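Taken in sequence, the protein lines are chains A and B. Residues in the first sequence are numbered consecutively from 73, following this note's numbering. Residues in the second sequence are numbered consecutively from 73, following this note's numbering.
Protein chains: 2
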Amino acid sequence: MDRAVCERLDRDCPLAPFRERFALPEGLLYFDGNSLGALPKSTAADIGRVVREEWGRGLVESWLDADWFFLARQTGDAIAPLIGASAGEVVCADSTSVNLFKLAASLLRHSEGRRTVVTERGNFPTDVYILEGLIDLSDGKFDLVLAEPETIVGAIDGDTALVLLSHVNFRTGAMHDMAAITAHCTAHGVPAIWDLSHSAGAVPLALNRWGVEYAVGCTYKFLNGGPGAPAYVYMAQDVIAAYEPVVTGWFSHANQFGFEDRYRSTAGIEKCLVGTPPILSLRAVMHGIACFDGVDLDDVVQKSRTLSELLIDLADERLAHAGFVLASPREPARRGSQVSFRHPEAYAVSKALRAAGVVADFRSPDILRFGIAPLYMRYVDVWDAVDALARIMASGGWMAHSTDAPEAVT
Amino acid sequence: MDRAVCERLDRDCPLAPFRERFALPEGLLYFDGNSLGALPKSTAADIGRVVREEWGRGLVESWLDADWFFLARQTGDAIAPLIGASAGEVVCADSTSVNLFKLAASLLRHSEGRRTVVTERGNFPTDVYILEGLIDLSDGKFDLVLAEPETIVGAIDGDTALVLLSHVNFRTGAMHDMAAITAHCTAHGVPAIWDLSHSAGAVPLALNRWGVEYAVGCTYKFLNGGPGAPAYVYMAQDVIAAYEPVVTGWFSHANQFGFEDRYRSTAGIEKCLVGTPPILSLRAVMHGIACFDGVDLDDVVQKSRTLSELLIDLADERLAHAGFVLASPREPARRGSQVSFRHPEAYAVSKALRAAGVVADFRSPDILRFGIAPLYMRYVDVWDAVDALARIMASGGWMAHSTDAPEAVT
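Here's what the structure looks like:
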């Protein structure tokens, strides 16, 4: 393997043309699309029109004339095929954290004496915090179980009120077998919420086929929706009818503009809406999703794997002696679209990489994380990043960088 | 009073120059700034830069380099002087509904056996719905009291767990005496949340001076933050320390990037944050707030009153015989920045007005609502709108418009 081989792989790659949809800074090697996805050119081109015409000229009438009222649902319908869901099962609004709260609060209302709430130790923090807040609110009705990845299935039984798992672990990239865990939950009558934040747009997702009932996810990673873009909520068609909202805002009222004094829930997936969604940010999400138009999702999954394998192979060859230990699973089916390494100086190394034009993430305490965004990343990017890292380690260049004050976002 | 007088009032108005800060459609008479505020020119000019440079070029590093991490707090600090609060008492994120839920959920946790939750019958629906959801979640621990405006104070006593009131009623524009009601609540040890959605940027607000402890409000009305722009939460400095979040997302963790497994709340007003806020929409809010730079808020309040009085006087003279009944208080100190009329054909009339180039709101069942946005509205706008309405009523022009299917937003 050398750089010329990577160049040939890029030439032959069916996804290569789609890189043109993104406005990537010249010369930057961006391995952080799993934290903040790159800017679609169409977002940059359109956002001024949305502001000047839809808001500035259309004013309040754009709620109907520009479909603002339906944007949370329309965006959800656009997300649906990317996660193996159907139209009418997804809406896009609020943050991932708030969406988790909505679902978990409602599902825990019908726990019928079951006591445990199961999640993974090392799950993305906000997922655990949301559960802690709800359990605290229940005055001790539930116990939080922080299971290790390999003991999760064993922790789910007839006493489990709720399971909340991230499909892909934000630190290691380890990916759960969603179909198998879902089947186990179903067998025990346990509702499960899946957090797809690090999955959608990069790894195989077949929510309907796998029998998944509830999920949330963010749109600013592999879906390229922009910083802090609204997140989404999924409910399978056959659980929507029984779902009773706890966070009962006017956007889920059966007759929103009747301005009735008492709450009556609407019938569809809009049950998961609460207040007015941020329209400018939602418009950006629609452009992010549109970057997948005409893309074969099998190609996306395949490229995620081949890019990741290239990175692992090159690291085995050129970085193992410098103290990097692979923290992600080697088996592709157990790995999300990222490759993480442990290194005692991961923070300083991430800074040295940045100085060399490579953006990768440090994650406390010792993780160096390379996100793989298949829609716009190239094989040569992987080659050049490993080459830069090998040079930094050979020269001791990382020592010039402070080891204090971690700074980054998921 | 004739149109020439209005033209002279506009020439002499100290706020007249600030109209230039807004991109208003030529020829439109816009009386809906209390639903969706007009577009600031600086938003239109800057949003493309935010997208292309902060997101597109800065990518994930803009969380620090472009201050995204601090934007919810910075925006809150910018809102603070507009509501009589101090820096460090306000953050901007999530929707008004979600912010109400956060505060109410936490305050009801410490209700110490008190049973009633008091709000106003005819309050903005989402405020009531959020309370209903929380009361339902409490399994009957609380009773919802929907008081009439004149019986609210009498309904608040030692058995009251929480009060939630909108300062200005969205239908009638009736404005509560926030200072007096707050004093009454304080005397009975009752926490009160004020919804400032229809107040901020148009009527006098002195939250600190009035002893107000908790408030929320939206930014897309008189604050011109854009459609669905994030809302804000206010807590007085002396209640922040005791406040314990129930919706416990990672943005309020004491050590957010330590990624700790258990939740520990931060110390400041950031306790009211949950998940990642929508950055593009927050940037727009900052521009909306900046439209108040150099503006004397006393001038804003004064102009809101004189414009409203002009509208009421002209309506008395030219519309009373056509069946319009003033639904807003006549006394300026009891009225927010809107003038509402009842009319049995309010919906059809609003449509006929729109056809004549006047945007005013219908509110179910029979309200025609004229919002007064003092930063960009003119005396001649009021004259021309009443003139158009008088002509419509004289000609019977409203009859051509359907009376079905109300459509509008607050």
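Beta carbons: idealized from backbone N, C-alpha and C, even for Gly. Predicted model only: the values in this text are computed from it and were never measured.
Backbone secondary structure at residue i - three-state DSSP
i, result
"residue 456 (chain A)", "helix"
"residue 434 (chain A)", "strand"
"residue 201 (chain B)", "helix"
"residue 325 (chain B)", "strand"
"residue 265 (chain A)", "strand"
"residue 216 (chain A)", "strand"
"residue 83 (chain B)", "helix"
"residue 447 (chain B)", "coil"
"residue 419 (chain A)", "helix"
"residue 253 (chain B)", "helix"
"residue 78 (chain A)", "helix"
"residue 192 (chain B)", "strand"
"residue 275 (chain B)", "coil"
"residue 89 (chain B)", "helix"
"residue 141 (chain B)", "helix"
"residue 164 (chain A)", "strand"
"residue 97 (chain B)", "coil"
"residue 440 (chain A)", "strand"
"residue 281 (chain B)", "coil"
"residue 425 (chain B)", "helix"
"residue 367 (chain A)", "coil"
"residue 107 (chain A)", "coil"
Local Cβ density within 10 Å of residue i, reported as buried at 16 or more and exposed below that
i, result
"residue 142 (chain B)", "exposed"
"residue 263 (chain B)", "buried"
"residue 467 (chain A)", "exposed"
"residue 197 (chain B)", "buried"
"residue 481 (chain A)", "Low per-residue confidence applies at residue 481 (chain A): pLDDT is 44, beneath 50, and the placement is therefore not dependable enough to give any value."
"residue 161 (chain B)", "buried"
"residue 397 (chain A)", "exposed"
"residue 303 (chain B)", "buried"
"residue 73 (chain B)", "exposed"
"residue 241 (chain A)", "buried"
"residue 112 (chain B)", "buried"
"residue 477 (chain B)", "Its pLDDT being 48, under 50, residue 477 (chain B) is placed unreliably by the model, and the measurement read from it follows with that caveat. When all chains shown are included, residue 477 (chain B) counts as exposed."
"residue 471 (chain A)", "exposed"
"residue 226 (chain B)", "exposed"
"residue 126 (chain B)", "buried"
"residue 252 (chain B)", "exposed"
"residue 330 (chain A)", "exposed"
Closest Cα partner of residue i within the set the options
i, options, result
"residue 323 (chain B)", "B:240, B:92 and B:164", "B:164"
"residue 562 (chain B)", "B:251, B:293, B:98 and B:170", "With chain B covering only 73 through 482, there is no way to say anything about residue 562 (chain B)."
"residue 209 (chain A)", "A:197, A:220, A:181 and A:199", "A:181"
"residue 288 (chain B)", "B:255, B:332, B:341 and B:258", "B:341"
"residue 306 (chain A)", "A:82, A:175, A:113 and A:388", "A:175"
"residue 194 (chain A)", "A:127, A:430 and A:246", "A:246"
"residue 243 (chain A)", "A:470, A:128, A:435 and A:455", "A:435"
"residue 291 (chain B)", "B:177, B:150 and B:117", "B:150"
"residue 343 (chain A)", "A:320, A:364 and A:354", "A:320"
"residue 276 (chain B)", "B:154, B:366 and B:284", "B:154"
"residue 485 (chain A)", "A:453, A:117 and A:146", "Missing from the structure shown is residue 485 (chain A); chain A here goes from 73 to 482 and no further."
"residue 533 (chain A)", "A:313, A:452 and A:390", "The requested residue 533 (chain A) does not occur in the structure, where chain A is confined to residues 73 to 482."
"residue 370 (chain B)", "B:330, B:156, B:137 and B:124", "B:156"
"residue 223 (chain B)", "B:214, B:213, B:256 and B:199", "B:256"
One or two residues paired with residue i in a DSSP bridge
i, result
"residue 289 (chain B)", "B:304"
"residue 232 (chain B)", "B:188"
"residue 246 (chain B)", "B:407"
"residue 237 (chain A)", "A:266"
"residue 414 (chain B)", "B:397 and B:439"
"residue 350 (chain B)", "DSSP, once it has assigned bridges, lists no residue as partnering residue 350 (chain B)."
"residue 102 (chain A)", "A:431"
Near the ligand ADP: residue i beta-carbon under 8 Å from a heavy atom
i, result
"residue 206 (chain A)", "This structure does not include the ligand ADP; it has no bound ligands of any sort."
Q. Does the stretch 325–337 of chain A come close enough to the stretch 107–116 of chain A to have 3 or more Cβ pairs within less than 8 Å?
A. Too few Cβ pairs lie closer than 8 Å, so no.
Q.
So, does the stretch 166–179 of chain A touch the stretch 383–392 of chain A, judging by three or more C-beta pairs under 8 Å?
A. The stretch 166–179 of chain A, when compared against the stretch 383–392 of chain A, does not touch it at the 8 Å Cβ threshold.
Q) Would the stretch 443–454 of chain B and the stretch 413–427 of chain B be scored as touching if the rule is three or more Cβ pairs under 8 Å? A) These segments do not touch.
Q) Do three or more CB pairs link the stretch 292–312 of chain A to the stretch 359–368 of chain A at distances below 8 Å? A) Segment contact: the stretch 292–312 of chain A against the stretch 359–368 of chain A, three or more CB-CB distances shorter than 8 Å; contact assigned.
Q: Inspect the CB distances between the stretch 230–248 of chain B and the stretch 189–205 of chain B and report whether three or more fall short of 8 Å.
A: Three or more beta-carbon pairs drawn from the stretch 230–248 of chain B and the stretch 189–205 of chain B are found closer than 8 Å, and the two stretches are therefore classed as touching.
(Q) With a threshold of 8 Å, are at least 3 pairs of Cβ atoms found where one atom belongs to the stretch 449–468 of chain A and the other to the stretch 417–427 of chain A? (A) Segments in contact, yes.
Q. Do three or more CB pairs link the stretch 264–277 of chain B to the stretch 84–96 of chain B at distances below 8 Å?
A. Verdict: no, contact absent.
Q.
Is it the case that the stretch 428–436 of chain A contacts the stretch 93–103 of chain A, given that we only count it when at least three CB pairs across the two stretches are under 8 Å?
A. Counting C-beta pairs closer than 8 Å gives three or more between the stretch 93–103 of chain A and the stretch 428–436 of chain A, which meets the contact rule.
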